[in-house]
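Notes to accompany the following structure.
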Amino acid sequence: MHKILIVDDEQAILDLLEMILIREQFQVATASDGKSAMALFESFNPDLVLLDLMLPDTSGHELCRQMAGRRNVPIIMLTARNDINDKVLGLDLGADDYITKPFDTRELIARIKAALRRVEKYEESDKEVLSHLDLVVDLENRTVTKNGKPVDLTLREYELLEVFIKNPRKVFSREELLTKAWGYDYMGDTRAVDICVTRLRKKIEDDSSNPRHIVTVYGFGYRLGGV
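In short: position in the sequence shown from 1, add 1305, done, that's the numbering used here.
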C-alpha cells in the first residue's frame, strides 16, 4: 500500500483529502505545519507528498527544498494562488507537479497515481550501467557519479537525465520530454522542462553556460551532447 503525506494548514482540506485517499486504498498521514511535516517525512517515509504552498511556520517552497534534498520522493504542490512565479519556483526547488485550488479530486487522484506509476517504472528499469563523458548512471540503483563522485539529483532530474542517456542520438522536443520524463500528459507548460534542464546542468556540467552533456537544439529542444 502506497503511503502519502498530506501537508496543509486547512483542516477541512486535510480531512477531505485523507478521506478520499483512504478510499483509494492509500495509507495516509497528515500535517498542518512544517515542523510536524518534516518529522513525518522522516518517520512515515511517504511514497508521495501533497504539499500546500502556505503554511503557518514556513513556506511550502522551503519545505519542498528540504524534502527534495533528502530523498527522491514525488512532491505535488497545492496552492490557492495561480501565480506562474510560484509554480516556477516550486519546480525549480524540486516539485514534480502543481495543482491549483479548488481542484477536481479526480484529477488529483489521477496525477498521484501517474506519479507513483512513474516511480515504479523506474524502480523496475534495466539493471544496467551507462556512461557519458565523465558521468556514470547506474540504472538499477538510480545513482549518478561524476568523475567517481556522487551527484545528488532529485527524482525529476534523474529521470530527465536517464531519458537522454538511454537515447544518445535522439533530439527531444520539450513536449516529448514532458511525456517521457514526467510520465504522463503534464498539464503545465513546457517551461517545466527548461527549469529542470537548467537545474540539472548546474549539477552535472563543469560549466553550465557551455554544456557538454545536455545541449540545446535551438528552435526544437534538447539532446545528449558529444555523440
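Yeah, the Cβ is synthetic: ideal placement off N, Cα and C, and Gly gets one too.
Please read all numbers here as calculations on a predicted model, not as lab measurements.
Do you know how far the Cα of residue j is from the Cα of residue i?
{"i": "K1370", "j": "I1519", "result": "Sequence check: residue 1370 is Arg here, not Lys. Using only the alpha carbons, I get a separation of about 24 Å."}
{"i": "M1372", "j": "A1317", "result": "24 Å"}
{"i": "N1377", "j": "L1322", "result": "23 Å"}
{"i": "F1469", "j": "E1367", "result": "29 Å"}
{"i": "D1314", "j": "V1434", "result": "43 Å"}
{"i": "I1309", "j": "M1324", "result": "12 Å"}
{"i": "A1336", "j": "K1406", "result": "18 Å"}
{"i": "L1413", "j": "L1356", "result": "12 Å"}
{"i": "L1319", "j": "D1409", "result": "15 Å"}
{"i": "G1453", "j": "V1441", "result": "8 Å"}
{"i": "G1374", "j": "D1512", "result": "22 Å"}
{"i": "Y1463", "j": "V1354", "result": "18 Å"}
{"i": "T1448", "j": "P1455", "result": "8 Å"}
{"i": "A1415", "j": "R1496", "result": "22 Å"}
{"i": "G1526", "j": "I1500", "result": "13 Å"}
{"i": "T1521", "j": "T1503", "result": "11 Å"}
Determine the DSSP secondary structure at residue i, reduced to helix, strand or coil.
{"i": "K1454", "result": "strand"}
{"i": "S1337", "result": "coil"}
{"i": "R1376", "result": "coil"}
{"i": "M1306", "result": "coil"}
{"i": "T1459", "result": "coil"}
{"i": "F1477", "result": "strand"}
{"i": "Q1545", "result": "Nothing about residue 1545 can be reported from this structure: the residues present for the chain run from 1306 to 1532 only."}
{"i": "L1353", "result": "strand"}
{"i": "T1484", "result": "helix"}
{"i": "S1364", "result": "strand"}
{"i": "D1512", "result": "coil"}
{"i": "D1320", "result": "helix"}
{"i": "E1464", "result": "helix"}
If I measure Cβ to Cβ from residue i and keep anything under 7 Å in the same chain, skipping five residues before and after, which residues do I get?
{"i": "E1510", "result": "P1516, R1517, H1518"}
{"i": "V1498", "result": "R1479, L1482, L1483"}
{"i": "V1333", "result": "I1309, I1311, E1323, L1326, I1327"}
{"i": "D1443", "result": "V1434"}
Considering only residues of the same chain and omitting the five flanking positions on each side of residue i, which have a CB-CB separation below 8 Å?
{"i": "D1401", "result": "P1379, I1380, I1381, A1420, L1460, R1461, W1487"}
{"i": "P1351", "result": "K1308, I1309, L1310, A1334, L1345, V1378"}
{"i": "L1505", "result": "L1458, E1462, L1465, L1466, I1519"}
Using a Cβ-Cβ cut-off of 6 Å (strictly less than) and excluding sequence neighbours within five positions of residue i, which residues of its own chain qualify?
{"i": "P1361", "result": "D1314, D1338"}
{"i": "K1485", "result": "V1468"}
{"i": "F1331", "result": "H1307, I1309"}
{"i": "L1529", "result": "F1469, P1473"}
{"i": "T1450", "result": "V1441"}
According to DSSP, residue i sits in a beta bridge with which residue or residues?
{"i": "V1502", "result": "DSSP, once it has assigned bridges, lists no residue as partnering V1502."}
{"i": "Q1332", "result": "K1308"}
{"i": "R1528", "result": "V1476, V1520"}
{"i": "T1384", "result": "T1405"}
{"i": "M1359", "result": "S1364"}
### Secondary structure, beta strand (DSSP E): runs of 3+ residues fully inside the stretch 1400-1448
1402-1405, 1434-1437, 1440-1443
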